[in-house]
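In what follows, a single structure is set out as structure tokens and then discussed.
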Amino acid sequence: MTDAPRVALVVDAANVVGARPDGWWRDRAGAAERLLAQLAGFPAAVVPSPDGAVRVVAVAVVLEGRARSAALPAAARSPAGGLQVLLADGSGDDAVVALEGELARAVAPQEAEVVVVTADRGLRARLASQCWGPGWLRDLLDARTATVRAVEVQGEE
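So in the working numbering the end of the sequence shown lands on 635, straight run, no missing numbers.
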């Protein structure tokens, strides 16, 4: 899988978190923290995608509203961590569009393709990049979390 196409993900956190009615609205910052913690391990990972296996070279996440107060994981506090977090001052959609453009310029097309994770139709219409739905990311995060839990349980035996 070393030849997997490279992608840089831009994650519409509000859309991904809001895709599952798990009580996120009671603690938006906490929901964002959980998402960021799960995404911290993605840079450099080879993961299944709607188009086949891809290597994630960077992850950029947009937080808006009350989610902006989320505590950032170490991977987001260090440039080497591969996880970039943008705290949107205004519209989260505007921030996603701007971040998509910045990332597309930063990673030349021969290095990686930018993919935005959102189901927001209005936002998708404003983007030049390919979009994958939040269900893809949630399923992937759930599978990775289940694998980590299984390893932890085996280690306790």
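Idealized CB from N, CA, C, for every residue including glycine.
- Per the C-alpha coordinates, the member of GLN562, TRP610, ALA573 and SER569 positioned closest to ALA518 is GLN562.
- Contact check for ALA492 against ALA545 passes: the beta carbons are separated by less than 8 Å.
- Judged by DSSP in its simplified three-state form, PRO612 adopts helix.
- Of the other Cβ atoms in all chains shown, fewer than 16 fall within 10 Å of the Cβ of GLY530; this residue is therefore exposed.
- Contact between the stretch 525–542 and the stretch 552–570 is present: three or more C-beta pairs spanning the two stretches fall below 8 Å.
- One thing to note: ALA552 has its Cβ no nearer than 8 Å to the Cβ of VAL524.
- Straight-line measurement puts the Cα of SER569 at about 19 Å from the Cα of CYS609.
- Per DSSP, reduced to three states, the secondary structure at ARG533 is strand.
- GLU578 counts as buried, since no fewer than 16 other beta carbons sit within 10 angstroms of its beta carbon.
- In this structure, VAL495 lies away from LEU581, with their beta-carbon atoms at least 8 Å apart.
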